[in-house]
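Just below is one structure, and these are the notes that go with it.
2 protein chains.
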Amino acid sequence: MSPLNPPRRLLFTAGPTQVHPRVYEAMGKPIVGHLDPYFFEVSEDIRRDLRPVFGTANPFVQVISGTGSAGMETSLANFVEPGQKLAVFTAGYFAERFVEMGRRHGANVACSSKPWGETFSEAEASDFLNRERPHAVAFVHAETSTGALQDLGAITRPAHAVGAITIVDCVTSLGAMPINVDANGVDVAFSCIQKGLSCPPGLSPITVSPAAVERLRARKAPCPIWYMDLKLLLDYYEGAHRYHHTAPISTFYALHEGLALVLEEGVEARFARHRAVHEDFLQRIEAAGLEMFISDDARRITTINTIRVPEGVNEVQVRKRLLDRYDIDIAVGFGQLAGKIFRIGLMGPLATPANVDLLSGALLDCLR
Amino acid sequence: MSPLNPPRRLLFTAGPTQVHPRVYEAMGKPIVGHLDPYFFEVSEDIRRDLRPVFGTANPFVQVISGTGSAGMETSLANFVEPGQKLAVFTAGYFAERFVEMGRRHGANVACSSKPWGETFSEAEASDFLNRERPHAVAFVHAETSTGALQDLGAITRPAHAVGAITIVDCVTSLGAMPINVDANGVDVAFSCIQKGLSCPPGLSPITVSPAAVERLRARKAPCPIWYMDLKLLLDYYEGAHRYHHTAPISTFYALHEGLALVLEEGVEARFARHRAVHEDFLQRIEAAGLEMFISDDARRITTINTIRVPEGVNEVQVRKRLLDRYDIDIAVGFGQLAGKIFRIGLMGPLATPANVDLLSGALLDCLR
Numbered sequence: 111m112s113p114l115n116p117p118r119r120l121l122f123t124a125g126p127t128q129v130h131p132r133v134y135e136a137m138g139k140p141i142v143g144h145l146d147p148y149f150f151e152v153s154e155d156i157r158r159d160l161r162p163v164f165g166t167a168n169p170f171v172q173v174i175s176g177t178g179s180a181g182m183e184t185s186l187a188n189f190v191e192p193g194q195k196l197a198v199f200t201a202g203y204f205a206e207r208f209v210e211m212g213r214r215h216g217a218n219v220a221c222s223s224k225p226w227g228e229t230f231s232e233a234e235a236s237d238f239l240n241r242e243r244p245h246a247v248a249f250v251h252a253e254t255s256t257g258a259l260q261d262l263g264a265i266t267r268p269a270h271a272v273g274a275i276t277i278v279d280c281v282t283s284l285g286a287m288p289i290n291v292d293a294n295g296v297d298v299a300f301s302c303i304q305k306g307l308s309c310p311p312g313l314s315p316i317t318v319s320p321a322a323v324e325r326l327r328a329r330k331a332p333c334p335i336w337y338m339d340l341k342l343l344l345d346y347y348e349g350a351h352r353y354h355h356t357a358p359i360s361t362f363y364a365l366h367e368g369l370a371l372v373l374e375e376g377v378e379a380r381f382a383r384h385r386a387v388h389e390d391f392l393q394r395i396e397a398a399g400l401e402m403f404i405s406d407d408a409r410r411i412t413t414i415n416t417i418r419v420p421e422g423v424n425e426v427q428v429r430k431r432l433l434d435r436y437d438i439d440i441a442v443g444f445g446q447l448a449g450k451i452f453r454i455g456l457m458g459p460l461a462t463p464a465n466v467d468l469l470s471g472a473l474l475d476c477l478r
Numbered sequence: 111m112s113p114l115n116p117p118r119r120l121l122f123t124a125g126p127t128q129v130h131p132r133v134y135e136a137m138g139k140p141i142v143g144h145l146d147p148y149f150f151e152v153s154e155d156i157r158r159d160l161r162p163v164f165g166t167a168n169p170f171v172q173v174i175s176g177t178g179s180a181g182m183e184t185s186l187a188n189f190v191e192p193g194q195k196l197a198v199f200t201a202g203y204f205a206e207r208f209v210e211m212g213r214r215h216g217a218n219v220a221c222s223s224k225p226w227g228e229t230f231s232e233a234e235a236s237d238f239l240n241r242e243r244p245h246a247v248a249f250v251h252a253e254t255s256t257g258a259l260q261d262l263g264a265i266t267r268p269a270h271a272v273g274a275i276t277i278v279d280c281v282t283s284l285g286a287m288p289i290n291v292d293a294n295g296v297d298v299a300f301s302c303i304q305k306g307l308s309c310p311p312g313l314s315p316i317t318v319s320p321a322a323v324e325r326l327r328a329r330k331a332p333c334p335i336w337y338m339d340l341k342l343l344l345d346y347y348e349g350a351h352r353y354h355h356t357a358p359i360s361t362f363y364a365l366h367e368g369l370a371l372v373l374e375e376g377v378e379a380r381f382a383r384h385r386a387v388h389e390d391f392l393q394r395i396e397a398a399g400l401e402m403f404i405s406d407d408a409r410r411i412t413t414i415n416t417i418r419v420p421e422g423v424n425e426v427q428v429r430k431r432l433l434d435r436y437d438i439d440i441a442v443g444f445g446q447l448a449g450k451i452f453r454i455g456l457m458g459p460l461a462t463p464a465n466v467d468l469l470s471g472a473l474l475d476c477l478r
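Those protein sequences? They're chains A and B, same order as listed.
Numbered by this note's numbering, the letters in the first sequence go through residues 111 to 478 in order.
Numbered by this note's numbering, the letters in the second sequence go through residues 111 to 478 in order.
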């Protein structure tokens, strides 16, 4: 047996990102049973504390016992029945995952695709949705693979105009960028806990609008995935506390502490800190003659910075140098952007001016 | 915000059970990325160390990023296609879950049912399977809800005789009781980590026989659940390390340590310890005039003891007293056994003679 001795790294990645020390401490606390009243207190706190982070007054806020991808699958399995039309706006890796999952679930998937890194205007969304008239519309808020930020209302308004419900991947925005679920007309929003919430991966927060809950209740066929059936989860976490599965207690403790950290700082202050740090880093990047992959700052995620790999630079070598010289981990480009961009996260405990200095200096050194 | 301050309890439950202190320590170690070479070292160690615990030489050993129920769902979604016949042997709550999940997946489910607590003989299994000739056969090894242990070969032999693959829920046996996957002809075995492995919940180990892997590879339609697609998980954990989802790193650390503890003790020694402690507890129970729910010791799980609630005793009150007076948590009866049995786990760090004394004394005090 090899003893567990992980290298200590600065996770300037797209996620999992640096875990806050208080979160590690929370995970060391003794577990209770999954039907223990204390566990339900913890889960109630989490539900309450997630609301201001999502920007919602939805009574329905839960946590799926899986990672962000499990949240995506839960959303589709509960809100799109086989044969129903699902419209997906794709311009990146994670939007394409909606398409793949939707097809596997037997949805009739209609895609509006643009080159990776682009976003959709309200006119574009409206044209497409008026033509397709889908049952549900899915898209990504902050596309981790490209660094592009989609304006939520630009898609939710035309979606609601055709009577569709909106399913939004908020994996890279929750906890570090405003989502404003209610004001932006998002019916189903899901996320992860290892990015903006500074926890290790393992849970997927999800919130559902009252209108979408009505659709869920009206649904006749049971959710094809028992593990992800939101009606059963509702019975477990609320009301009767009817046993469903054995929730990952220690990861709930982690999320409880992660949310406490967010609320202690204040949601708005936290968003502002991430924006300020992003702008600080941006200045350093541009001053060094590097180019961002997303040209317009209004369309950029503040938590993950995507930078074009300069002509003639070996991206693999730069990442290796960062790791060897500075213990700094940054993220790799996916799919068609492999080797073409660096993806650099500035989140949670690493989103500070001192870390911008550390990271910028290291990056420029390793690019030389 | 309420600070996280969980009560300290002795988890003599059916799971989650007491977490070993070294496991909590492991979870406090710094995470690395989900594509970090160190993470794959950890996952390779886990795969290697799970083999002697499952009792298998299967190359295919993986871990699903969900709890034991996710392992059950993964098994059905990958090995039973819609319309195929799934035979399920049911005599308890978790066997019935196979039926429910199988139906949701569109399988043609055939049930052989006996009263809760009973098990199946080879003749009974053979009769049923010869009549039904299913594609797959599912059953529970150690039925957590009743305390009954099913002889594996009694079902796997007749299953293989009709060309079916065998899917076995080993949630309550892995790590504390012998399974002998290979010798017993189990094609797909899944489990959890919060019982015999003394970790907090959050992962589901699974192993698949070479014959079942062939069936998986021959499968034409993709697995309907993307998150649980074993082919994609294989590409992620082995070979190309192609990104799938973001594995729950800290829970992998927990499992790594949990398995190290099992192998340090020795698999056979650990099984023997659990058996000895079970027998010790049994003597105490019987000397006190209490009656086990499962009459024959050969058909009893050693890790969870199910005891009939004596005539006139209020089961809820006994559990409350145990908690109030001794901080001892025991498990509640499920479904048709609610209020009729106590379910008492003696696993991992709590499976010691001193804890048998503590628990027996407390139970008798609270029954008075």
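All C-beta atoms, glycine included, are put in the ideal place defined by N, C-alpha and C.
It should be emphasised that the depicted structure is a prediction, and the values quoted were computed from it without experimental measurement.
Beta bridge counterpart(s) of residue i as assigned by DSSP
| i | result |
| --- | --- |
| L259(B) | A252(B) |
| K195(A) | N218(A) |
| V298(B) | I277(B) and V318(B) |
| A246(A) | L196(A) and I275(A) |
| D439(A) | L121(A) |
| V171(A) | T317(A) |
| R410(A) | A258(A) |
| F452(B) | I417(B) |
| S223(A) | T200(A) |
Nearest residue (CA-CA) to residue i, options the options
| i | options | result |
| --- | --- | --- |
| C405(A) | G227(A), I265(A), Y148(A) and S179(A) | It should be pointed out that residue 405(A) corresponds to Ser in this sequence rather than to Cys. Out of G227(A), I265(A), Y148(A) and S179(A), G227(A) has the C-alpha closest to the C-alpha of S405(A). |
| M287(A) | S222(A), A252(A) and N465(A) | A252(A) |
| E135(B) | P147(A), D297(A) and N115(A) | N115(A) |
| D434(B) | L120(B), P310(B) and F300(B) | L120(B) |
| L400(B) | V423(B), T166(B) and T462(B) | V423(B) |
| N240(B) | A274(B), A472(B) and D155(B) | A274(B) |
| Q427(A) | Y203(A), T412(A), K450(A) and R410(A) | K450(A) |
| G455(B) | S255(B), A180(B) and G216(B) | S255(B) |
| Q446(A) | Y203(A), A408(A), Y363(A) and I417(A) | Y203(A) |
| V142(A) | A357(A), E421(A) and T416(A) | A357(A) |
| E378(B) | P162(B), N415(B), I156(B) and K430(B) | P162(B) |
| R158(B) | E183(B), T282(B), L365(B) and S470(B) | L365(B) |
| T166(A) | A408(A), A331(A) and L284(A) | L284(A) |
| N415(A) | D439(A), F452(A), E425(A) and R429(A) | F452(A) |
| V296(A) | E421(A), R418(A), L477(A) and S185(A) | S185(A) |
| A441(B) | T462(B), L473(B) and A464(B) | L473(B) |
| P113(A) | A350(B), S153(B), R429(B) and P117(B) | S153(B) |
Interface partners of residue i on chain A, CB under 8 Å
| i | result |
| --- | --- |
| D434(B) | Near D434(B) there are no residues of chain A at all, since even the closest Cβ is about 13 Å away, more than 8 Å. |
| P332(B) | R214 |
Beta-carbon neighbours of residue i, restricted to chain B and to distances below 8 Å
| i | result |
| --- | --- |
| R119(A) | P140, V142, G143 and D146 |
| G312(A) | S175, G312, P358, S360 and T361 |
| S112(A) | E151 and D155 |
Chain-ordered neighbours of residue i on chain A, where CB pairs are closer than 9 Å
| i | result |
| --- | --- |
| P116(B) | K139, P140, I141, V142, D146, Y148, F149, V152, I359 and Y363 |
| I335(B) | E183, A187, M211, R214, H215, P334, I335, Y337 and M338 |
Chain-ordered neighbours of residue i on chain B, where CB pairs are closer than 7 Å
| i | result |
| --- | --- |
| Q304(A) | T356 |
Within chain B, partners of residue i - CB distance below 9 Å
| i | result |
| --- | --- |
| D439(A) | V142, G143 and D146 |
Chain A contacts from the segment 345-367 of chain B (Cβ-Cβ distance under 9 Å): Y353, H354, H355, T356, A357, P358, I359, S360, T361, Y363, A364, H366 and E367
Cβ contact (3+ pairs, closer than 8 Å) linking the segment 260-270 of chain A and the segment 315-326 of chain B: no
Chain A contacts made by the segment 187-215 of chain B, where a contact means CB separation under 7 Å: E210, M211, R214 and H215
Contacting positions in the segment 173-184 of chain A - beta carbon closer than 7 Å to chain B: Along the segment 173-184 of chain A, going in chain order, the ones with a CB nearer than 7 Å to a CB of chain B are S175, G176, T177, G178, S179, A180 and E183.
Contact the segment 277-296 of chain A vs the segment 253-262 of chain A: 3+ CB pairs below 8 Å: yes
Cβ pair count under 8 Å reaching 3, the segment 337-357 of chain A against the segment 219-236 of chain B: no
Given 8 Å, three or more beta-carbon pairs between the segment 304-316 of chain A and the segment 117-127 of chain A: When Cβ pairs closer than 8 Å are counted between the two stretches, the segment 304-316 of chain A is seen to touch the segment 117-127 of chain A, the count reaching three or more.
Given 8 Å, three or more beta-carbon pairs between the segment 377-393 of chain A and the segment 200-214 of chain A: no
Contact the segment 274-284 of chain B vs the segment 147-157 of chain B: 3+ CB pairs below 8 Å: No, the segment 274-284 of chain B is not in contact with the segment 147-157 of chain B.
Cβ contact (3+ pairs, closer than 8 Å) linking the segment 370-379 of chain A and the segment 176-194 of chain B: These segments do not touch.
Against chain B: residues of the segment 442-473 of chain A by CB proximity under 8 Å: V442 and F444
Proximal residues, the segment 122-135 of chain A versus chain B, C-beta separation under 7 Å: T123, G125, P126, V129 and Y134
Under 7 Å (Cβ pairs) to chain B, residues found in the segment 217-246 of chain A: none
Cβ-based contacts, 7 Å cut-off: residues of the segment 397-425 of chain A near chain B: For the segment 397-425 of chain A, which is checked against every Cβ of chain B, not one residue is closer than 7 Å.
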